[in-house]
Each structure stands twice: as C-alpha cells, then as structure tokens.
Amino acid sequence: TSAHETAEPAEPGAGAVRRPNFLFLITDDQRWDALGAVQRAQGDRARWPWLQTPNLDRLAAGGARFSNAFVVHSLCSPSRAAFLSGQYGHLCGVTDNSTHFPADAVNVAALLSGAGYRTGYVGKYHMAFQPDRPGFQYVASYTSQGEYFGSTFLIEGRPVKSNVWVDDAATDYALEFIRDSRHEPWFLVVGFKSPHTPRQPPRRADERFAGRSVRIAANADATPSYGKGQRAFKGEEVGRPVETDADSSGSDPYLLDYFESIAAVDDNVGRVLDLLDELQQAEDTVVVFAGDNGYYLGEHGLGDKRSAYEESMRIPLLMRYPRKVPRETVIDAMALNIDMAPTFLDLASLAIPDAMQGASWMPLVFGDASNWRKAFMFEYFFESGLPATPAMLALRTPTAKLIVYPGHEEWTELFDLAADPYELANLAKTPERRGLLESLRRQLEEQKQRFGDPFASAAVRD
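Per this note's numbering, the sequence shown runs over residues 85 to 546.
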C-alpha cells in the first residue's frame, strides 16, 4: 500500500503537484562496482580506482545508491523482463535470450500508459528479434543486439539507419521524447548497448583509460564446483591467461574498452540529466539507473555472467527523486530488479497488481527496512548454446548463500558471505556448518512456495 498523495497532472505553472515522470536508464553487462562512486567507496579494495563516471556519480549523490542490488536471473532478456513485469522469468515467461516479452504479461509500461502517461522506449530492448514493445506508445529501438556503428533503428516502425555511435543515437531519441512530452506525465526507458561485447567505444572515449591496469581478482583461482564454467572473453582474464594469449598485466585494450564504453554512456547520462535541469523537470522525475546483470572479469576464472556468484548477480542501482529521496543516501538492504515496477506504481499512486512479485523501494528510502525481505531466490536455466554453465537455484541472505544444481547434489555450494565475501570456501560439506546449510535449504523451499518453483515446468528444466 502507498502512503503517497495522489496528484493530478498539471500544466507547468498551474500550481498543482504533478504526477512524477519516470526515467529508467539500463546498461548491458555493467558490473555493480563499475561506477566511480563505488570504486571510491571501496578504497584499498578498488580494482579500477581510476574509473570516472561523473554523471552517474552525480545521479547517486542526488538520491540513493543501493549497495546490495541484485537480479533474480543473471541474463539480459529475463532481467529486462523482470524490471518491467515485477516478476520472475519462470512466471513472466522470459527465461532465455530468445523469447519475446509476452504482450499479455503484467507490465509497468502498460499500467502507466493506461493511467494517462506517455510511454516511450528508445535504444536496446533485447528480447530476441521482437518487433513490438508492449506498453510503449513511442518506440525508437532496434532488434536483438544492434551494432555499435550503423544500427538501424525502428522509429514508430519505420527503419532509420543511424550514422553515429549507437548509444549516442539512443540518447538523441531520448532527448527528443522528453522535450515532446514535457507538458504531460511520461515514462521513458533508455536501453544502452554498452558495455556488451564486441565493445566499440566512440572515438571520444576510446583512449580515455589507455595504459590503465586492473588488479587481479582476489578470487581468480576459486574454481566453480561444477567445473571450469564459461570462460572469459579474450582480454578479460585480468592477469590470468585463460586459454588465450592475453598479457598478464590486466591492461589488455579490449578489457579497457569495457570501462571506456561505460564512460561514454556516462557522457550520455549527463546529457539527459542536463535536459531535465533545462526543462525544470528534475524535481518531478524519478530517475533509476541499473545494469541488466553483473559480469565476471576473472573472478572464479570466469567471464560472462549467468551463474550465481556475487559478481554475476549484483548490479549497479541508483534512484533519484528529489521530492522524496534524500540526497546521498546509501541503502544496504537487498534490492531486486523485480522491485522497480512496484516502486514506480507506488510513486504514481497506482495499485500494485498482486501478480507482481517485487516490492516498492520506498520504505527503504524512508529508512524503514523492518518488513523488508530477509532472503531472495535466484534462478538460471540451462542454455544449450552455453553448455559450460548448468541450471541452478540460489538462496541469498544478507550474510550467506546456498547454490544448488538440480540433478547434481555433489555440486552444492554454501558460502558464509560475512566471513568470506569473495566466495572462496565452499562449506556445503563442512559438518560444523550443517545448521546453516539446512536453514538456507528451508528458506529456499519457502521461496519456491511463495514465488513458484522455477523447475516445476519441464519447459525450463535442463
């Protein structure tokens, strides 16, 4: 339930408090700690302390940074569906990268549209080759991965070839939408392609971090229980040659492209924030920035994402809304991607459908975590194209994690995150920790009862 006032839309200057606008900025494969603000907060533990993201830092300083934010499925399409639907992929129906977002799924865009909001989607959508964007009235987007240079955008269904860097083009369309919508409440999603492979930062950022190096991960040698897993892409091994010829300094140019792509996105975040200031809409706009999943840069000898270690499931998450969110707030409670849709509906004073499985962040913003989740469930479904990563379920609490692999009891992993944040010591077979193991197993069963058993359907089972 919401304790927030209901506000009717008003023309600027009419004196009434207008309903907030909603702006959701989402990057592709950006780690939780690939933010300048996080690197500074980490101090001596920072692996890339030279990273500068001044506009994302400005967003964080103007509102809240969630220091423990997670996805419930570390894969692009399922995560994006979760942000919009407020549901786990096994319920929404999007459990892989080749499934379209269902037109009949519960959808924050459709709900806001029905309540009088102008809705828009620009940039990367990432639901396979889906041509439509359910719930969005204005669309300037492309199908599948697009290209860093020369992407063809579909503008209201009309193909338009872009001649600029793809995330600059998406931002151009975003600015146009915001200007055109300034006299009505609006909801806009800006999907950035960066820093997804094959990374190609624009010229202005291409040498921004040239010569910098990345420290080897503290858990680079911690092998997954299920084997070697998905290998790092060439240049991402960060000092550990993993079946490639990368140098050992952790300064491979391709790795640095990851951070340079993020820096170029940061430039575009600044363009959008500047326009909100120019139009005097910053006070009335809820801005959320997030990554769609985490990303390994050598931890556990891994690359890519998908599995249930911290580097894969944690994301950057920022929220600014000057009317309600205190500046420079850091929220430690576990926030999830399924929470964004309920939060937006809460702030719009709209009913949150029972079908949504997340919860509004607003109690956390107001400093009340007393009724907040104490655990959450993570899911991943086997993909035949990436056979190195098995299906899995995980249960995470603020201090511990259980990972189970259906059909492979011997791979079970148990971590004491309070004592072992890098997940180096698997305690699943340690007799003294049997109590913790059983406690987390019970909590996982409770989560399955509440949110559905992800592997109850043969359609998603390995």
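Every residue gets a Cβ at the ideal spot worked out from N, C-alpha and C, and that includes glycine.
The structure presented is a predicted model; accordingly, all values stated were derived computationally and were not measured.
In this structure, does DSSP put Gly127 in helix, strand or coil? helix
Under three-state DSSP, which class holds Ile239? strand
Flag this pair as yes or no: are the beta carbons of Leu140 and Leu119 separated by less than 7 Å? Yes, the pair counts as a contact, with Cβ atoms nearer than the cut-off.
Over what stretch of residues does the beta strand (DSSP E) that includes Phe370 continue unbroken? The question names Phe, but residue 370 in the sequence shown is Val. That run of the beta strand (DSSP E) goes 369 to 375.
Can you grab the Cα-Cα spacing for the pair Ser332 / Ser345, in whole Å? For Ser332, the predicted structure reports a pLDDT of 32, less than 50, and the residue's modelled location is therefore unreliable. The matter cannot be settled from this model.
Please report how far the alpha carbon of Gln123 lies from the alpha carbon of Ala130, in whole angstroms. 5 Å
Ala366 by DSSP, collapsed to three states: which one? Here Ala366 sits in helix by DSSP.
Taking the alpha carbon of Phe237 as the reference point, which residue from Leu259, Lys208, Arg263 has its own alpha carbon closest? Lys208
Excluding sequence positions up to five away, which residues of its chain have a Cβ less than 6 Å from the Cβ of Gln531? Met461
Any idea which residues DSSP pairs Lys485 with across the strands? Arg480, Phe499
Exposed or buried, Gln364, counting other C-beta atoms within 10 Å across all chains shown (16 or more means buried)? exposed
Within the continuous beta strand (DSSP E) that includes Tyr222, where are the two ends? 222 to 226
Under 8 Å: do the stretch 397 to 404 and the stretch 296 to 311 share three or more Cβ pairs, one atom per stretch? no
What are the partner residues of Leu420, as DSSP defines its beta bridges? Phe154
With a threshold of 8 Å on Cβ separation, who are the neighbours of Phe220 within its own chain once the five nearest residues in sequence on each side are excluded? Ala193, Ser197, Thr203, Gly204, Tyr205, Val273
Based on the DSSP output, what are the partners of Leu270 in its beta bridges? The identity of residue 270 in the sequence shown is Trp, whereas the question assumes Leu. DSSP, once it has assigned bridges, lists Arg202 as partnering Trp270.
Using the three-state DSSP reduction, which class does Ala347 fall into: helix, strand or coil? If DSSP states are grouped into helix, strand and coil, Ala347 belongs with the helices.
What whole-angstrom Cβ distance do Ser306 and Leu340 have, given they're in contact under 8 Å? Looking at the sequence itself, residue 306 is Ala, so the reference to Ser does not match. About 25 Å; that fails the 8 Å criterion.
Should Arg518 be labelled buried (16 or more other beta-carbon atoms within 10 Å of its own) or exposed? exposed
I need the DSSP call for Gly207, collapsed to helix, strand or coil. strand
Met440 (DSSP reduced to helix, strand or coil): In this structure, Met440 counts as coil in the three-state DSSP scheme.
Going by DSSP, which residues form a beta bridge with Gly398? Note that residue 398 is Arg in the sequence shown here, rather than Gly. Looking at the DSSP assignment, Arg398 forms a beta bridge with Phe154.
Distance, Gln126 Cα to His280 Cα: 24 Å
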